[in-house]
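Colleague: Residue numbers (the numbering used here), protein chains in the order written: chain Z, 51 to 427; chain V, 360 to 901; chain Y, 5 to 298.
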Amino acid sequence: MTSIASTLKNGLMLMVLWGLSDTVLAAALDMRAGVTDMSQRIQWLHHLSLWICVVMGVLVFGAMFYSMYAHRRSKNPVPADFHESLSVEIAWTLIPVLILIGMAIPATTTLIEIEDNSDADLTILITASQWKWHYQYLEADIGYYSNMSTPSEQIQNLEPKGEHYLLEVDNPLVLPTNKKVRFLTASNDVIHSWWVPDFAVKQDAIPGFINEAWARIPVPGIYRGQCTELCGKDHAYMPVVVEVRPEAEFDKWIEDQRIARELASGQAVADRAKTWTMAELMEIGERVFMEHCATCHESDGSGQGSTYPALAGGDIPTGPIAAHIERVMFGKSDTEMQSWAPQLSDLEIASVITYERNAWGNATADVIQPRTIYAAR
Amino acid sequence: MVARAEDVIPQRSALWAFITRWLLTTNHKDIGTLYLWLSFTLFFTAGAMAMAMRLELFEPGLQFIEPLFYNQMLTMHGLLMVFGVVMPGFVGLANWQIPLMIGAPDMALPRLNNFSFWILPFAFGLLISSLFMDGGAPNFGWTFYAPLSTTYGPPSTDFFILGVHMMGISSVLGAINIIVTIFNLRTPSMKLMDMPLFVWTWLITAFLLIMVMPVLAGAVTMMLTDRHFGTSFFSAAGGGDPLMFQHIFWFFGHPEVYILILPGFGIASQIIPTFARKKLFGYHSMVYATAAIAGLSFVVWGHHMFATGMPLATELFFMYATMLIAVPTGVKVFNWVATMWRGSMTFETPMLFAIGFVILFTIGGFSGLMLALVPADFQYHDTMFVVAHFHYVLYPGAIFGTMAAVYYWIPKWTGHMYDERLGKIHFWMAVIAVNLTFFPMHFTGLAGMPRRIVDYSLQFADFNMVSSIGAGILGLSQVLFLYIVVKTIRGGEKATTQVWEGADGLEWTVPSPAPRHTFETPPEFPPVMNRDADERTPVSTT
Amino acid sequence: MSEAPRYHVPHSSPWPIVGSCALFVTAFGAVNFIHQTSEKIGAEGSFGKPIFYTGLAMIAFMFFGWFGTVIRESIRGMNSGLLDRSYRMSMAWFILSEVMFFAVFFGALFYARIISVPWLAGAGTNLETHLLLWPDFAETWPLFMTPSGDATQAMEAWGLPFINTVILVTSSVTVTFAHWALKKNQRILLGAWLGLTVALGATFLTLQVVEYIHAYTELGLSLGAGIYGSTFFMLTGFHGAHVTMGTIMLTVMLCRVLTGHFTSDNHFAFEATSWYWHFVDVIWLFLFTFVYWF
Ligand code: HEA
Ligand code: HEA
Ligand code: CUA
Ligand SMILES: [Cu+2]
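1. Any chance you could list the residues with Cβ under 7 Å from a heavy atom of ligand 4, keeping chain order?
2. Between the C-alpha atoms of residue 217/Z and residue 276/Z, what's the straight-line distance to the nearest angstrom?
3. Do the stretch 738–750 of chain V and the stretch 798–811 of chain V make contact, defined as three or more Cβ pairs closer than 8 Å?
4. Using only alpha-carbon positions, find the residue among 488/V, 511/V and 492/V that is nearest to residue 499/V.
5. Which residues in chain Y sit within 8 Å of residue 236/Z, going by Cβ to Cβ distance?
6. Apart from the five residues on each side of it in sequence, which residues of its chain come closer than 6 Å, Cβ to Cβ, to residue 334/Z?
7. Helix, strand or coil: how does DSSP classify residue 441/V here?
8. Between the stretch 590–602 of chain V and the stretch 102–116 of chain Y, do three or more beta carbon pairs fall short of 8 Å?
9. Can you give me the start and stop residues for the beta strand (DSSP E) that residue 173/Z sits inside?
10. Residue ranges of each beta strand (DSSP E) run of no fewer than 3 residues wholly in the stretch 259–326 of chain Z, ordered along the chain?
11. Is there a C-beta anywhere in chain Y that falls below 8 Å from the one on residue 258/Z?
12. In this structure, does DSSP put residue 812/V in helix, strand or coil?
13. Residue 414/Z to residue 364/Z, Cα distance in whole Å?
14. Using a threshold of 7 Å, is the CB atom of residue 280/Z nearer than that to any non-hydrogen atom of ligand 3?
15. What are the uninterrupted segments assigned as beta strand (DSSP E) that are 3 or more residues long and contained completely in the stretch 210–269 of chain Z, given in chain order?
16. What is the DSSP secondary structure of residue 13/Y, reduced to helix, strand or coil?
17. Along chain Y, in chain order, which residues have C-beta atoms closer than 9 Å to that of residue 505/V?
18. Could you pull out every unbroken alpha helix (DSSP H) segment of at least 4 residues lying fully inside the stretch 770–804 of chain V, listed in chain order?
19. Alpha carbon to alpha carbon, how far is residue 31/Z from residue 314/Z?
20. If you reduce the DSSP assignment to three classes, tell me which class residue 545/V lands in.
21. What's the C-alpha gap between residue 57/Y and residue 33/Y?
22. Starting from the C-beta of residue 72/Z, find all residues in its chain whose C-beta is less than 8 Å away, skip the five residues before and the five after it, and write them out in chain order.
23. What is the residue span of the alpha helix (DSSP H) that residue 374/Z lies within?
24. Would you give the residue range spanned by the alpha helix (DSSP H) that residue 94/Y belongs to?
25. Please check if any C-beta of chain Y sits within less than 8 Å of the C-beta of residue 526/V.
26. Let me know if residue 97/Z comes out buried or exposed under the rule of 16 or more other beta-carbons within 10 Å of its beta-carbon.
27. Going by C-alpha distance, which of 311/Z, 158/Z and 122/Z is nearest residue 921/V?
28. Less than 8 Å between the CB atoms is what I'm expecting for residue 865/V and residue 459/V, so what's the real figure, rounded?
29. Would you say residue 133/Y faces chain Z, with C-beta separation under 8 Å as the test?
30. Check distances from the C-beta atoms of the stretch 508–519 of chain V to those of chain Y and list, in chain order, the residues that come in under 8 Å.
31. Short of 6 Å in beta carbon distance, which residues of its chain neighbour residue 847/V, apart from the five on each side in sequence? Order them along the chain.
32. Nearest by alpha-carbon distance to residue 174/Y: which of 183/Y, 201/Y and 64/Y is it?
33. How about residue 21/Y and residue 477/V: are their beta carbons less than 8 Å apart?
34. What residues are listed by DSSP as bridge partners for residue 183/Z?
35. Taking 8 Å as the CB-CB cut-off, is residue 454/V touching chain Y?
36. Is residue 379/V near residue 16/Y, with beta carbons less than 8 Å apart?
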């Protein structure tokens, strides 16, 4: 029995040593400092509370371990019999109160600044849906979707995983440096949460309400985060990527987006004018399907039980065309089948419908043209 | 003294005897045993689900289970651990011990007691069967936030809702029974301020249960009507608010986490004095602190919602209120240390678990305090850091507490001493594995790993692997625990009446194993303890 | 301590297990029943309805059997003052749990009135919610027009609801008179006052049904009419369910009175019922104030 304290001590030593072993050392043990003033102040707050806890822990556990060592029966056969002391009780009620006040003050001042969303230079409306983000630049009237771009082969362990596995998107949010950017978060379906650790911005996106947060980012770079509120099946696959560019570059980017949008509308007109062949549509359709639909309906259209209906041989994909177009464009309310009309172009919708009607043994031979979709909008 | 109408049951057959003994029983000891076994069974079930999650999280990528199934495992693990393991475990201990500790002949309402128990297997049957239903089990986390659980929940959600209603009925009836037993059947010479702390903490826990289980029932009722009867409590389109669900849930949920820990505090307060051979330090302040924790627990729920966009003043209020809880909890921790101070300690398995409880719970409490700081919580919230926090308070807290209690009282229940050597192995295995499993989660959380994700980016891989290995060892250690318990039931060194040399209290005045009926006449309090540890009491059963 | 009161510990009882089976069958049936009728899930061909009713019947059976046993024990004099105290305390704590149950729904009502509806209309820091999501929505209570545009009318307080208030308050008084009569052992008066209470309870329920029909057919006030309709029906409906339970309990008491049960000093079942009835009455006063009046 004498070994109890030393065993404990050895155990602790082991844990510390293990904590320092090289694989582990490579990974960060600390809260990320981030790049904004706020994220750094929060890290400071984290350190403050952590060290207070460590000191309290050392005192409390130190006393305990000392007592276990010195007051074990073999050393101290006759126990003392004190069991009450008002003054001691008062002391260890008051001292923690003072410590807590010491923590609460910096926390309060920091919080007050965090909650000050006024005087923003730029406002982004972030709309979440299962499982992607939509970014709208309210002042510039630009908006686009941001989907995870990690290929499913990497997730299924068929290919080696890339450096930014799960933390990469097709269209990152682009922001300027040194501007107060206000984020408005909203959601189309369930609650999501938009988080970029390096900005210390984490704000829930709640359907029907809009929340606010802000950041002023001094350092250009690419910052990665994730959705942090359980939002269904692919909650793990909803990364946030923010590209911060120096102001001048940002302005240029905004200008480029404007031009690109005009070009796209020209492109859309051209797509509508053209009559597409089945083969062309099937090729585009397959790509669109794999990118957007396969997470639920599976790449072979077999669905997942009754939760996600099978499209191979399904009623709608083999039934009337109008119903099929309707379902894909406008979705079905209150289910995970959302409306795709906002995200996909006429050509993409036309081709994915054509694909669904002619793949996996669905042999309807229907060819849907982009102009049909345009008319249905 | 005690009137028993049907003292002699006609013995029709072995089966009938079994049924009357276990299904129709009104005996607090039998019912306590039933609760404990239910809790143990579900511990393995929910633990197996945790193993499934840890297996999937062993490496990045999808290896074993699909994302949707992961979410089901997560939800069922959380729900079963909270409602099926810790709560019935504590109720089982209450059933066994409270009448013994206050000198009552049984629980105040014995039939109601059996009812409370037998609702549970049905409720959990309903819940677990949802795994096999079309669309799968509930998959929205144990907190079942709307609208993921309302509009988007699978059909089995409704079975879950009714299951929660049933658990609620069971808990409320059980809590009423405990309160009435304590107030009404306490031996007359025991004043309230003489009661053992386990009884005190349970009294307060029962009060919390009565206050908050109906709130949970109300929340799921509104979910049901939102899902099927067109109401819009949790939908902004009709003027409601998804956040209203969270407010209601956490108004229940925060007191709930204290329901999961207060009896554990009571257990530590029984065991530490016994093995320190010294009276509990600061009995009165222990009682007041427990009451203060319970009172504060009603006004801190918002700390789970800091990232939901609450107004500044609300956030500040909840931050301050939450931080305040550290004060009474600190008082308890300091009192335990002071109890050990200058005692004459030995370290049998219950003591080891109790000490493990105090230390590791305090670590979990510290991380809780850090979470309470709103700005910092913006970084911690919904990351693995939170998972680390609550497993520290729940596993080495609630579960170690229960295990300490089992080791402490099992000689009284079975009449046999458990195997001390195996018990110590169990403790060391568990303590190492718990830290191996849950400590790294602090780091992954701080580095930015969200919780409730089936797959993660490469930077988190090392720590997750460590966690998974730890979880495997932790699982094995529980198998050892099962073995120890079964072994103790089947035989072992005879336990004395006193069992522990330093033990104090009425439960140690009845023979080991405790006869089926005890204290048919109210005993004198304080009891005259038989300090002769070698005394062998003849085993008597009625 | 030989004169200490006897505490009755029954040896075994089938009723708890019957009760838990009954709850299970009811729950299982209820869900299947709901799924059958729900267009969202549409599980045709399951036997939800009969299972649900079987469950309810089993619950009723359990109550009869269980309380029957307790009554027999009481008549045989196996109940002590101590047991009586247990029953009293239990009932009081049970009512506290019911208070909390109602508190949730009142909480939902206040949340909607003080927080969600104003926020949706842009109060506090929610200007953007108003501007970007619900530009046409204006705050009113009762909520005549939901954010998504469903319209409804409000229930007038001073019509049926006020009459119902008078009825319920009166019934609380009559049940107290019945209690006094019982204590003085005036059996005829007891039966009369109790009968009157039952009648008042039944009238209340009938009027409530009339009111619901009025709401659905004339006011467009339904469960689906937004948060006003949701809280209105949840609170009044949950209360109505309690009045129904209370009326059934009072009816049972009436039957027992008529068969000569209860004595002037041993009638806890009667008292528990009247506590319950007063509780339901007090809840109604809150309901009348916050659901109908203000
Ligand atoms: C047994 C269960 C239990 C217990 C006891 C606690 C105790 C505490 N918890 Fe924890 N908590 C949970 C279970 C529990 N918690 C669970 C399950 C969740 C997650 C739910 C979910 O989202 O799924 C959670 C989440 C949670 C959050 C939300 C995090 C988030 O989602 O962002 C917060 C935030 O404030 C919090 C705080 C606290 C605090 C301050 C305490 C305090 O009571 C702790 C007090 C104790 C001490 C502080 C240590 C001892 C004190 C001293 C030695 C005194 C001196 C010390 C100082 C002055 C520093 N908890
Ligand atoms: C009392 C409560 C309690 C307890 C004891 C535990 C115990 C454990 N928990 Fe859990 N946990 C919760 C309550 C609890 N948990 C809650 C509330 C959540 C949140 C859910 C949510 O987010 O909604 C959670 C979430 C949670 C997660 C987070 C997942 C995520 O966010 O992505 C993880 C991941 O590692 C985890 C792991 C574990 C492990 C490894 C154990 C181990 O300690 C378990 C050890 C026990 C055993 C393993 C049993 C032994 C049995 C065997 C080994 C037999 C094996 C059988 C077969 C193989 C057939 N738990
Ligand atoms: Cu979106 Cu999680
Ligand atoms: Cu909490």
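Beta carbons: idealized from backbone N, C-alpha and C, even for Gly.
Modeller: Here's the rundown:
1. 609/V, 612/V, 613/V, 616/V, 659/V, 660/V, 662/V and 663/V
2. 7 Å
3. yes
4. Of all alpha-carbon atoms in 488/V, 511/V and 492/V, the one lying nearest the alpha-carbon of residue 499/V is that of 511/V.
5. 136 and 137
6. 401
7. helix
8. yes
9. Bounds of the beta strand (DSSP E) holding residue 173/Z are 172–179.
10. 261–266, 271–277 and 289–295
11. yes
12. coil
13. 12 Å
14. yes
15. 223–226, 230–237, 242–246, 251–255 and 261–266
16. Of the three classes helix, strand and coil, the one that applies to residue 13/Y here is coil, per DSSP.
17. Near residue 505/V there are no residues of chain Y at all, since even the closest Cβ is about 12 Å away, more than 9 Å.
18. none
19. In the structure as shown, chain Z starts at 51 and stops at 427, and residue 31/Z therefore has no counterpart that could be examined.
20. Of the three classes helix, strand and coil, the one that applies to residue 545/V here is coil, per DSSP.
21. 8 Å
22. Low confidence applies here, because residue 72/Z scores a pLDDT of 41, under 50, leaving its location unreliable; read the following figure in that light. Closer than 8 Å at Cβ, skipping near neighbours: no residue.
23. 371–380
24. 85–114
25. no
26. exposed
27. In the structure as shown, chain V starts at 360 and stops at 901, and residue 921/V therefore has no counterpart that could be examined.
28. Distance from residue 865/V to residue 459/V at the Cβ level is roughly 6 Å; contact confirmed, criterion being Cβ atoms closer than 8 Å.
29. Yes - at least one Cβ of chain Z is within 8 Å of the one on residue 133/Y.
30. 514, 517 and 518
31. 769, 773, 775 and 777
32. 201/Y
33. yes
34. 178/Z and 196/Z
35. no
36. yes
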